[in-house]
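Written below as structure tokens is the structure these notes are about.
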Amino acid sequence: MSSFDTLRLDGVTRRFGGKDALSGLSLEIHKGEFIALLGPSGCGKSTALNCLAGLLPLSAGSIWQDDRRLDTLPPERRGFGMVFQSYALFPHLSVRKNIAFGLQMRHLPRAEVRRRTDEAIRLVRLDEHATKLPGQLSGGQQQRVAIARAVVLEPSLVLMDEPLSNLDAKLRLEMRTEIRRLHQSLGLTTVYVTHDQEEALSMADRLVVLRDGRVQQVGTPEELHTRPANRHVADFMGYRNLLPMRVTSVTREHVGVEGPGMTLTGTGVGDLFPGDEVVAAIRPEDLVVGEGGVPVTVEVVEYQGRELAVEARTDQGIMLHLRAAERPAPGDKVSVVADPARVLVFPGEPS
Amino acid sequence: MSSFDTLRLDGVTRRFGGKDALSGLSLEIHKGEFIALLGPSGCGKSTALNCLAGLLPLSAGSIWQDDRRLDTLPPERRGFGMVFQSYALFPHLSVRKNIAFGLQMRHLPRAEVRRRTDEAIRLVRLDEHATKLPGQLSGGQQQRVAIARAVVLEPSLVLMDEPLSNLDAKLRLEMRTEIRRLHQSLGLTTVYVTHDQEEALSMADRLVVLRDGRVQQVGTPEELHTRPANRHVADFMGYRNLLPMRVTSVTREHVGVEGPGMTLTGTGVGDLFPGDEVVAAIRPEDLVVGEGGVPVTVEVVEYQGRELAVEARTDQGIMLHLRAAERPAPGDKVSVVADPARVLVFPGEPS
Amino acid sequence: APEKPKSTTDGPVPDKPGKAVTLNILDVAGDLQLTQGMIDEFVGKNKDQIEKVTYSKATAPELVGKVKAQQNAGRVDIDLVLTGVDGLAAGIDQGLWVPLLPTYANRVPGMSDYLPGAASMQKLAGDFGVTVTYYPSGPLIEYLPAKVPTPPKTAEELLAYAKANPGAVQYARPSNSGPGRTFLMGLPYLLKDSDPKDPMNGWSKTWSYLAELNKYVTLYPSTTSETMKNLANGSAKIIASTTGWDINPRVLGTVPKEAAVGTLAGFHWVTDAHYAVIPKGVGVDKQAAILNLLKDMLTPAQQAKAYDKGYFYPGPALKDVPLSMAPPESQQALGEYGRPEYEQLIASNPLEVPLDAKSLVAAFDKWDREIGGAKVKK
Amino acid sequence: MTALRHRLAERGIDRQLLLLVPALLCVLILFIYPFAYGLGLSFQPSQGGVFGAYREFFADAYQRDTIWTTLKLSLPAAFLNVAASVPIAYRMRGRFRGKRLLTVLLVVPITLGTVLTAEGLLNFLGPTGWLNRTLMSAGVIDEPVRLTNNYWGVFFSLVITGFPFAFLLILSYLSGIDPTLERAAATLGAGWWPRFHRITLPLLAPGLATTFCLTFVLAFSVFPSAVLVGDPAGTTRVISIAAYHAAYEAYDYPLASAIAVVMGVVELAVVAAVLGMRSLFYTGSTGGKG
Amino acid sequence: MTAVAVPAQEEKTRRARIVASPGAWLVWGSVTFFFVMLAGVIGSVVVSSFGRRWFDTWLPESWTTQWYGQAWHEFTLLDVLIVTIEVSLLVVGISVLVGVPASYVLARRSFPGRRVLYLLFLLPILMPPITYGIPLATVLYKYGLAGHMTGVVLANLVPSIPFVILTMTPFIEQVDPAIERAARMCGARTWQVFLRILAPLLVPGILAASILVLVRTVGMFELTFLTAGPDSQTLVVALYYTMSAAGIRAQQSVDAMAVIYTSMMLVLLVIALRFVNPTQLVARVKEDPS
Ligand SMILES: Nc1ncnc2c1ncn2[C@@H]1O[C@H](COP(=O)(O)OP(=O)(O)OP(=O)(O)O)[C@@H](O)[C@H]1O
Ligand SMILES: Nc1ncnc2c1ncn2[C@@H]1O[C@H](COP(=O)(O)OP(=O)(O)OP(=O)(O)O)[C@@H](O)[C@H]1O
Ligand SMILES: [Mg+2]
Ligand SMILES: [Mg+2]
């Protein structure tokens, strides 16, 4: 049961009352891979994990572990571990017993259960709280119990559904490192759901971006970050400025686009022809104050740690998000420019 | 009930089985302020909110609204709104009814209930899901219902406990903006718990940093970010490099410190004298590759969106976190430097 | 473990069981109070026939169901049933009992020495049961002389008394109570109804009397004990009673010792008896043992035990069993609480057998509908 | 093979359903055959054709009215038991001193059994019982009030035996509801009443329905107390008395079975109505995140 | 845990709330009234059972324990008590073991025929034993199962299993299914999920159902009588006999039997409640953490 080479999802679909929560997810996961599922809230990430775990029956499609069909097996016989988005801790068991539960189910010797449980408790920094019941823990503490409970089993496949969402930045970084470390040292395969692209980018070998239950793009973090397949992925990957424009010129390298009160040069994604309605996508950090660009008026300046997040509006009333190192004052008029390589131009779909 | 000028917490303490979850929290909140409670997991943030809302009786201390003592009032008579960390949605009511509940409690006219509920549903982007039960929603959707349910009441004080933890980056930004907008346009007072310092920094007027139930620092985002009061706050505010060192020299502006295999110049926080054991705190983004600095060997390079997060080790084996614009390879030897103004030197406590 | 039927259930009954048997005796009439001593004595002396007896007690109505269930399944584990008229009749009607008579009548010679009343009662048992105890029962009225200085002497006076003292006259719902039903069955004789044995067509005076009386009766308790209690605590002044219910409760202390009984002029005793019956399906060995047991029980020495403490006064079914033969406790109790006048009353009033089961049920039903239930209707 | 299993699983049939088997076997073996026999019996009366027994029952107002008599007793009793249990159980949430003792005391009457209840009611509420004595010596009344051997006696006995039953169930159901939900409602400005009837009550509804059904069924089949403390020929001639009469006095088993079947059908009608209403309410997890 | 002193102020607010609410007065008032009535009912029986003679007075003339001695001997009560306890514990144990898994499936799963099954499980509760008691006893006798304890236990299972199923269904619905899923993800097989996760969470429900089944079993006269042999009579058969059999019996001895019956049940109940709390653990943790 425990080990496998590939796990193949074939058109995995799950419907809720006539609506597809997940439709036709096909994916091959290799042993040792770290896959992140990414996508907006409600896009079907948890549904995908639940299907993989066997907690939701599929409406269509199949799941194969090497050559064994998996989707007809009950969850407890798949040998996967899972961190639930809602934690789903056993309310009547102490932290320690929650974590030890899975080990006890495998009838490991008492001493080993103890050792591994202690280790897991330490891993998630809950030594002081080991005897509390879940109802007596803070939200983040509960989440950490959920993580410990899943990883202590060292399962062949770990499914994690937003495992760090309730942790503070520092702990989150530590946990990330621990999870990666475990993943690598134990040779686990991990499928990781997160709403945090930074987390996904920094942890995963491959990312799967979902939207409305459909796969938008599968690729390495760099691929997704620099070459999002469509405007939705771009939108999701932090291209906050999505400007509806029209193509004016197409060269081999660049595409000239024009919108209300501004012209830009960018890189086309897909076949584009002059006159096409398109969307130009630019990250805030790629829009910088510079000479000869689009003239804008600063509206909101937000302090964000080191940098300042600025919202500015063009004379035509289009809102742009940018970053600035120095603090401009609201009302200042500046001009912003962007590197054509960092301006992505997508065909405009009727959205 | 509804409006007030100041809300004063006076030594608010809450004990659980002999352990202080929150101890001696004193704070004055002014009408219209946006306060963020920040701190590591388990530090007492939710406890503080629960005490304020009247859901947990205080073990000591008192809460005053202007000149009225508040802590003896039951929650329903305080007129505050709250987003629970665990959502606490009514499982038997549809999204719409969950959100309308509070309005109905105020016996508003039916049409107004409808209008305001619709507006709140739209605000949290749940138009499509308005008739579903909470059990049929994704985690993030549930969280948004919780937000809408609290803000639709436009209460004089809104308490939000990690309201955005399960939302994707894009939605989180949108929601942040909406929350700020509501806060400003309705003149609400908001106490906001988050584990995300970026969120806290960008949204709040003032931050309260807690640790182990005790207040560490209260201040504006900038104060906290640039002048953390102690190494714990620094640690929490993203000063990932905390290096135990010893003071070698003290000038009016700078402090010279020395540690195993490295010397640095920094800015002292508090009184320091040569020979003192101290901790030098530096953010990863302030440690840059440059001439004549500390020689290190690159160990791990992580792709993080635009930048690269690098872990490197000094010859003496101390791990440093830094950022790099270009991709160094693991094993590369580089030298790193830091601006003395950005190196904070704290008295070393026995931790 | 379930006991397999060891011996055959039909065929001739031997004189003695081949091997000592175990008997399960079920009492649905409260008869063991009178006869357990007899049985124990016999068993003590005849270990070679009866190894052990177990007693269980139940109420008559449920008996039939249980025996039926066992017989349908072909495993009967109740060997001897001690029952009153109701259970006896129900069993006869449902064909539950072994027809012991007249085949084996000669094995129980005591049956020829029955008192006249007992002999009439034995006729009701047809071929199936053997009368083991007997008493003339009632109807009597019972009262506290302190509260009722001049008790009614006739049925009409009783009615008049009730009219004058609403709520003071009480009898329990006949289907739940011996004295209640004795009163019911005794009325036709008192009122000289056309056919005292036909409640549907021959009781017109009785029914109109009861209906009239009903106007002044506030309560029909569901058990005789309750009427006794009400008599004792004063909430009832005159209640229906029988010889046994007169003596025994005073011995037990539920009714004050000074309570007195009266009779209504021209009454007939409506007698009562207990029977021993054997369910079909009981092995012949056991039948043999039972016959021997019954033979022993129907001897004067044993019958004298039936005096008890007036529970079924007098109790013995046989002639010539004077109180002086009874155990000393009986003699003492009856000496203190007994009523010498009973002998005279028994001797001088006619004895009648009770209604047969069908008519009795019909009478109960009619009483329930027209008397007990009259208050809710209209 | 797997395909078949897959298809069945889609319709909700899988090995988990095997958990039903022991219970199902018990009911099938121990109940269905005997019940079918009894049911069959009800259609084989000694006279009057297949439905003779039923006709006999329904044609006779005295018999037919027992249905109404029984409903008049059991519905109010069940309703009172449930309605009284809810506020008491609701008040008993949370911790306070002596809670356990109070729980035990409230549940104690369940141990009384019909006989003690009946005896106690007769003794205590009877014409010379302590209650009447007290009231009379206090001068509140001149004549003893009749509280036994009538409708009220039976009603009290149904309350004494039914209330703890309902209370125990409701207390347990109530404690399965996450208290956070009520707190959430409180922060939304709901006082105790809206909290109770908008949040707790709907979540409790399935439990209430079940409790009501069970107390009703118990009350509907009331027998010993209807005889002992009631007026079994009159106001409390409940349907089980009619059945008992047929079975054990008249030995008319077909009629008895028919009456019992009528009893079952009436109960079923009430239970179905209640459970039908229950399905209008939310059923499902009553707490926890997600 | 409990030794932590509650701050005075917290105490005050609580008291203030109790004083403030008229609802609370009403509830506690009716509870008190109920207790007074109950004390009267139980007290009068207990007093009577120790009284030698009790006529028209507040208390009996003199006291005695003879009624207990008599009852004890007449029915060899020790044996009967032992049998009663054995039978009822067996019935409770088996019906919980069989009933809870079945109610789990009915609560959690939807599959074709679910409603029919539900109805099937309802029937034994609704149908009075008159319909099926005798044929059931026949079947049991036929296979040699009746006439001793097996039969009594089996017959009592007929209404008990469905009873457990019915009461447990809402309890199971209250448990968040995600918790079970989590257990499965930890590799727990179905029976382990039951034993380790569901059972502890359902303890209050199981307790309530067990107590109710116990009460019903101990009080189930008809089925017990029909299937009992001479040495497997339970207390209720003896009690029922004293109560309604022909013959003369002192009121006090009935009262004594009833008191014995109640005492036995009370002991069982108190033991059960001593070790198990009818409040769900989840609620207990969240309720009032102090
Ligand atoms: N009922 C309780 N019993 C005992 N300890 C408790 C209880 N509730 C909370 N605590 C403890 O109190 C401390 C503060 O909890 P709190 O929920 O306020 O933390 P928090 O700051 O909200 O953390 P998080 O960010 O993880 O949600 C924690 O250490 C927690 O374990
Ligand atoms: N039981 C259900 N009935 C109906 N719709 C459901 C049900 N469960 C989930 N859905 C819908 O399916 C979609 C996908 O849900 P899912 O939980 O997979 O989202 P998600 O990607 O995990 O989102 P999040 O990041 O918010 O957790 C959502 O729109 C949700 O409303
Ligand atoms: Mg999700
Ligand atoms: Mg918290």
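Chains as they are written, first to last, in this note's numbering: chain A, -6 to 344; chain B, -6 to 344; chain C, 714 to 1091; chain D, 183 to 472; chain E, 7 to 296.
Each residue gets a CB set at the ideal place from its N, CA and C atoms; glycine is no exception.
Beta-carbon proximity of residue i to residue j, cut-off 9 Å
{"i": "residue 838 of chain C", "j": "residue 805 of chain C", "result": "yes"}
{"i": "residue 187 of chain E", "j": "residue 68 of chain A", "result": "yes"}
{"i": "residue 289 of chain B", "j": "residue 260 of chain B", "result": "no"}
{"i": "residue 422 of chain D", "j": "residue 403 of chain D", "result": "yes"}
{"i": "residue 302 of chain A", "j": "residue 187 of chain A", "result": "no"}
In DSSP terms, what residue i is bridged to
{"i": "residue 347 of chain A", "result": "Residue 347 of chain A falls outside the range modelled here, since chain A spans only -6 to 344, and no answer is possible."}
{"i": "residue 57 of chain A", "result": "A/1, A/62"}
{"i": "residue 216 of chain D", "result": "The partner list for residue 216 of chain D (beta bridge, DSSP) is empty, contrary to what the question assumes."}
{"i": "residue 901 of chain C", "result": "Its beta-bridge partners do not exist; DSSP assigns none."}
{"i": "residue 154 of chain B", "result": "B/186"}
{"i": "residue 241 of chain B", "result": "Answer is none; residue 241 of chain B lacks a bridge partner."}
{"i": "residue 287 of chain A", "result": "A/329"}
Collapsed DSSP secondary structure at residue i in the structure displayed
{"i": "residue 230 of chain A", "result": "coil"}
{"i": "residue 776 of chain C", "result": "helix"}
{"i": "residue 78 of chain A", "result": "coil"}
{"i": "residue 259 of chain D", "result": "helix"}
{"i": "residue 275 of chain A", "result": "strand"}
{"i": "residue 301 of chain B", "result": "strand"}
{"i": "residue 140 of chain B", "result": "helix"}
{"i": "residue 11 of chain A", "result": "coil"}
{"i": "residue 327 of chain B", "result": "strand"}
N- and C-terminal bounds of the beta strand (DSSP E) containing residue i
{"i": "residue 339 of chain A", "result": "337 to 340"}
{"i": "residue 259 of chain B", "result": "255 to 261"}
{"i": "residue 737 of chain C", "result": "734 to 740"}
{"i": "residue 312 of chain B", "result": "312 to 317"}
{"i": "residue 994 of chain C", "result": "Taken as a continuous stretch (DSSP letters only), residue 994 of chain C belongs to no beta strand (DSSP E), as it is neither H nor E."}
{"i": "residue 201 of chain B", "result": "199 to 204"}
Residue from the options whose Cα sits closest to the Cα of residue i
{"i": "residue 305 of chain A", "options": "A/318, A/285, A/326, A/286", "result": "A/326"}
{"i": "residue 152 of chain E", "options": "C/965, C/947, C/796, C/788", "result": "C/788"}
{"i": "residue 220 of chain A", "options": "A/335, A/70, A/64", "result": "A/335"}
{"i": "residue 321 of chain B", "options": "B/248, B/159, B/296, B/186", "result": "B/296"}
{"i": "residue 815 of chain C", "options": "C/824, C/808, C/1075, C/809", "result": "C/824"}
{"i": "residue 229 of chain D", "options": "D/460, D/434, D/442, D/276", "result": "D/434"}
Span of the alpha helix (DSSP H), counted from its first residue to its last, around residue i
{"i": "residue 1071 of chain C", "result": "1070 to 1079"}
{"i": "residue 48 of chain E", "result": "28 to 55"}
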